[in-house]
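Residue numbers (our numbering), protein chains in the order written: chain W, 1102 to 1321; chain D, 1102 to 1321; chain Z, 1102 to 1321; chain B, 1102 to 1321.
Number of protein chains: 4
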Amino acid sequence: MAELALKQSRANRRRAQSFESLVQAGLAVIAKRGLYETTVEHITEAADVGKGTFYAHFPSKEDLIHHLVRHGFDELIAAGRAGAPAGRTPAERLAGLIQEQLRVLGRRRDLVILLHQVRGLLILQPEARQRLRQEYQRYVRFLAEKCREVLGKPGLSQAEAQDLACAIAGFVAGTLSYEMLVRGRQGMPAALRGPINAFAAGVAARYASSRRPGNGSRPR
Amino acid sequence: MAELALKQSRANRRRAQSFESLVQAGLAVIAKRGLYETTVEHITEAADVGKGTFYAHFPSKEDLIHHLVRHGFDELIAAGRAGAPAGRTPAERLAGLIQEQLRVLGRRRDLVILLHQVRGLLILQPEARQRLRQEYQRYVRFLAEKCREVLGKPGLSQAEAQDLACAIAGFVAGTLSYEMLVRGRQGMPAALRGPINAFAAGVAARYASSRRPGNGSRPR
Amino acid sequence: MAELALKQSRANRRRAQSFESLVQAGLAVIAKRGLYETTVEHITEAADVGKGTFYAHFPSKEDLIHHLVRHGFDELIAAGRAGAPAGRTPAERLAGLIQEQLRVLGRRRDLVILLHQVRGLLILQPEARQRLRQEYQRYVRFLAEKCREVLGKPGLSQAEAQDLACAIAGFVAGTLSYEMLVRGRQGMPAALRGPINAFAAGVAARYASSRRPGNGSRPR
Amino acid sequence: MAELALKQSRANRRRAQSFESLVQAGLAVIAKRGLYETTVEHITEAADVGKGTFYAHFPSKEDLIHHLVRHGFDELIAAGRAGAPAGRTPAERLAGLIQEQLRVLGRRRDLVILLHQVRGLLILQPEARQRLRQEYQRYVRFLAEKCREVLGKPGLSQAEAQDLACAIAGFVAGTLSYEMLVRGRQGMPAALRGPINAFAAGVAARYASSRRPGNGSRPR
DNA sequence: TATGAATGAGTGTTCATTCAT
DNA sequence: AATGAATGAACACTCATTCAT
Chain W
1102 MAELALKQSR ANRRRAQSFE SLVQAGLAVI AKRGLYETTV EHITEAADVG
1152 KGTFYAHFPS KEDLIHHLVR HGFDELIAAG RAGAPAGRTP AERLAGLIQE
1202 QLRVLGRRRD LVILLHQVRG LLILQPEARQ RLRQEYQRYV RFLAEKCREV
1252 LGKPGLSQAE AQDLACAIAG FVAGTLSYEM LVRGRQGMPA ALRGPINAFA
1302 AGVAARYASS RRPGNGSRPR
Chain D
1102 MAELALKQSR ANRRRAQSFE SLVQAGLAVI AKRGLYETTV EHITEAADVG
1152 KGTFYAHFPS KEDLIHHLVR HGFDELIAAG RAGAPAGRTP AERLAGLIQE
1202 QLRVLGRRRD LVILLHQVRG LLILQPEARQ RLRQEYQRYV RFLAEKCREV
1252 LGKPGLSQAE AQDLACAIAG FVAGTLSYEM LVRGRQGMPA ALRGPINAFA
1302 AGVAARYASS RRPGNGSRPR
Chain Z
1102 MAELALKQSR ANRRRAQSFE SLVQAGLAVI AKRGLYETTV EHITEAADVG
1152 KGTFYAHFPS KEDLIHHLVR HGFDELIAAG RAGAPAGRTP AERLAGLIQE
1202 QLRVLGRRRD LVILLHQVRG LLILQPEARQ RLRQEYQRYV RFLAEKCREV
1252 LGKPGLSQAE AQDLACAIAG FVAGTLSYEM LVRGRQGMPA ALRGPINAFA
1302 AGVAARYASS RRPGNGSRPR
Chain B
1102 MAELALKQSR ANRRRAQSFE SLVQAGLAVI AKRGLYETTV EHITEAADVG
1152 KGTFYAHFPS KEDLIHHLVR HGFDELIAAG RAGAPAGRTP AERLAGLIQE
1202 QLRVLGRRRD LVILLHQVRG LLILQPEARQ RLRQEYQRYV RFLAEKCREV
1252 LGKPGLSQAE AQDLACAIAG FVAGTLSYEM LVRGRQGMPA ALRGPINAFA
1302 AGVAARYASS RRPGNGSRPR
């Protein structure tokens, strides 16, 4: 019996190992070749397992992608939660949130590429691929919640918070992808710190606490 | 002579028509199915021409994409040039630039999708597909130039201008794509106007004229 | 009326010119790219005529090939006829025939390639492409007739003459093609002169006049 | 362990079977339809495997052809080696070599066609397809070596041996192809025996041992 | 469970031929 | 007669997925 348990445990360990290999290889290969030029075989070769093993762990290629996206957002959300409440003013806290996301994603070229390409996938086909889409919604909802927390809930409606979250997520992802494309480098450009602070301040001025100025702070 | 000219003209017209059909169908189909699930046959069917006709006009599928990308950026740049120097202060002018890009792209779901996916394509393969990459560089250089123009050239180095241009292009593209994905709508969200103004003001405070404050305006 | 005749004549001249351009360009392009990698467009480009013009002169690509093959064999046959009856003994005359064919074809890389590839085409499909096949038969029949003429008709049956003609045609074509392939040069290798003479002498000893030795001259 | 070996062995057997089917079907189909009208699908249908299976065994269509050519020459060379040193005089031995090649190839219509068409392919493109070309060079080198062995090495320079080998290979291949084309039959025509002996005798007289007559035996 | 051989629908691309001008 | 734009069947090759072992 103990032997059987041992055997199972060993089998489980092996299985877990295959799974982990596939996940890591999947992200690495996709980061290198992109979603569309990555084949299942590329992944299983990088993971050093048989091709059939892939399908013992994932029903389809899309399921691996789903797994990668979920875990990617898990990391982003965790980072957002961890470095959260720093800063004394709403503007400082919002700027902190944005910069934290930029900082985390700026070190994760693989995630930027994966999330970028999957986003493109999802904009089309509004009905299909619901599971994947929900991961993005989860992330945006997290950011939205975070914004309300940081700016003060009464000041920001749900819809406004989502718009703001989209802007933040889009700003982070878009800026990094343009930097990677045009300047060939990764990481958050230091020069953006000032503008980000300004952006955060502007948002805070518009939404923070319960004050609600006329039409947003006009540009000086 | 006139007859010959007429003949050529008629033949040319027919050829031009095929070309235009292909270009329009190409953009439409890609906007609907995405770059990767669009086949040449989808396009020729939508354009109502034979499959071979495609290759009479474009050496390859990638060449159509290049054409689409080039013309897309042509529009964006034209819009940026047209609505250019409005606003009395640097901040107002910068905000105008960003909002103009957001406004133009917000009405062009097709372009957002196309440029998004091609961007993903280009981040990988830094050496290949130079022609395509140059279109993005052209756009970013235009934005950078515009930023320097709007903020006052002495205040902004070339490198800083490029970082800012990447941030603007990324902000616009990223925000719109997240909106389209999460909220399923297109167009620029009105609620972003305030934050954009704030962002522009922050940038202007940092770079405009020749003043160069310490480390950017700190968030209040 | 005279004007009309003139017009027609001019039109005819132009037509003849197109035809001749196509024929020359066809042979040149096929010699360079081979039968199977030559497209009609390659030919019309080289001939500097429109693509449609090809079909105004030849019902199909195969008809141009037929024309080229026919004229190629015309040349070979003319050369064989011209340099024909030289030599005092049957062996000398036979050797002269072989060397003449080798000499002529050795200077016509284009013909060697064309006839080689078309021969390959024809070995398959015994029923189709009769017209093309008949050109080869015409050539072999010419050689056979020549052999009988040279060796003395009574000595050589029709069937034997055809076998011999096949051997000669094959020897010439095969040797040149192997030389071109392996040694990368064209032209008849001088070193073959001796063996060819010997071959001819052997054949003559076997067949010439009416003597009919037992089983052919045994090799010494 | 034994179980694993068995598993591999069974899988290997299946793989080997597919491979063998493809090779045989490939040769058969090419012999029937020719190199250029044979599609991969024709082959896989004849081999009764899926289309993708072809590419699991050969990187490309050309690689199958290479395999076929290599093995074809292997057979020819083996036959040449096996029936080698028969005959007492150089002339007899040379005649034996030629007749052996004629005899072997005369029974292999498929090989004659394949090697003929590939030869045509290689005469063009002197730089590309090196691997294929090397097979022909291997064969010609073998024949050349054999000629020197048979005639006595001092009598024949390397270059002369290669010319002679080209002549032999060309004679065999060319004669058989003309026979197949014109007379529609395969096999070595019996009537050639005499001329071949004579040819061999002439070559021997020119090159054998160390004697070196003036300019080859003149035809009588 | 892990494997990798097998599969076949689907891809971008070519090219002989047609036909309106 | 000459043109060249248009055509679509056909091709070499790919790859997500299946399944016998």
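The beta-carbon is built from N, C-alpha and C at its ideal position, and this holds for glycine as well.
Unbroken beta strand (DSSP E) runs of no fewer than 3 residues, entirely contained in the region 1181 to 1225 of chain W, are not found. Between W/L1265 and W/A1305, the beta carbon gap of about 11 angstroms keeps them out of contact (Cβ cut-off 8 angstroms).
Contact with chain W is absent for D/F1243, since none of that chain's Cβ atoms lies less than 8 angstroms from the residue's Cβ.
Within chain W, the residues whose beta carbon sits less than 8 angstroms from that of D/K1133 are L1225, listed in sequence order. Contact between Z/Y1156 and B/C1267 fails: their C-beta atoms lie close to 40 angstroms from each other, not under 8 angstroms. Between the alpha carbons of B/L1195 and B/R1115 lies a distance of about 44 angstroms. Look at D/V1150 here: in three-state DSSP terms it is coil, with no helix or strand label. In this structure, the straight-line span from the alpha carbon of D/R1111 to that of D/R1232 is close to 32 angstroms.
The beta carbon of D/L1212 sits closer than 7 angstroms to those of G1173, L1206, all from its chain and outside the five residues before and after it, given in chain order.
Scanning its chain for C-beta atoms nearer than 6 angstroms, with the 5 sequence neighbours on each side dropped, one finds around B/L1165 the residues G1127, F1159, in chain order. For D/I1214, the residues of chain W that pass the 9 angstroms Cβ criterion are G1221, I1224, L1225, in the order they occur in the chain. Within the region 1269 to 1288 of chain Z, those residues whose Cβ lies closer than 8 angstroms to any Cβ of chain B are, in chain order, A1270, G1271, F1272, V1273, A1274, G1275, T1276, L1277, S1278, Y1279, E1280, M1281, L1282, V1283, R1284, G1285. Assignment of B/P1227 by DSSP, reduced to helix, strand and coil, places it in the coil class. Distance between W/I1224 and W/E1176, taken at the CA atoms: about 23 angstroms. The beta-carbon of B/A1302 is placed less than 8 angstroms from the nearest beta-carbon of chain Z. For the pair B/R1171 and B/R1294, the Cα-to-Cα distance works out to about 28 angstroms. Of all residues in the region 1111 to 1142 of chain B, only A1132, K1133, R1134, G1135, L1136, Y1137, E1138 come within less than 9 angstroms of chain Z when Cβ atoms are compared, listed by chain position. Using a Cβ-Cβ cut-off of 8 angstroms, D/A1147 is close to nothing in chain W; its nearest Cβ partner there is about 15 angstroms away.
Under the three-state reduction of DSSP, Z/R1307 is assigned to helix. Here Z/L1265 carries a helix assignment [DSSP, helix/strand/coil].
Around the beta carbon of W/P1296, a 10 Å sphere encloses 16 or more other beta carbons of the protein chains shown; the residue is thus reported as buried. For B/A1302, the CB contacts under 7 angstroms within the same chain, skipping 5 residues up- and downstream, are A1192 in chain order. For D/E1261, the neighbours in chain W by C-beta distance under 7 angstroms run, in chain order, A1292. Out of B/E1201, B/L1203, B/L1215, the CA that lies nearest to the CA of B/E1236 is found in B/L1215. The alpha-carbon of Z/I1178 is positioned some 34 angstroms away from that of B/E1228. Against chain D, a Cβ distance below 8 angstroms from W/C1267 picks out T1276, Y1279, E1280, V1283, R1284, P1290.
Put simply, the CB of Z/G1295 is near chain B, with a gap under 8 angstroms to one of its CB atoms.
Across the set W/L1222, W/F1272, W/L1136, the C-alpha of W/F1272 shows the shortest separation from the C-alpha of W/Q1202. Put simply, the CB of B/R1307 is near chain Z, with a gap under 8 angstroms to one of its CB atoms. In the displayed model, D/P1160 falls within coil according to three-state DSSP, outside both helix and strand. C-alpha of B/A1129 to C-alpha of B/G1197: approximately 29 angstroms in a straight line.
Residue contact check for B/D1264 against chain Z: a CB pair falls below 8 angstroms. For Z/R1284 and Z/R1234, the gap between their C-alpha atoms comes out near 30 angstroms.
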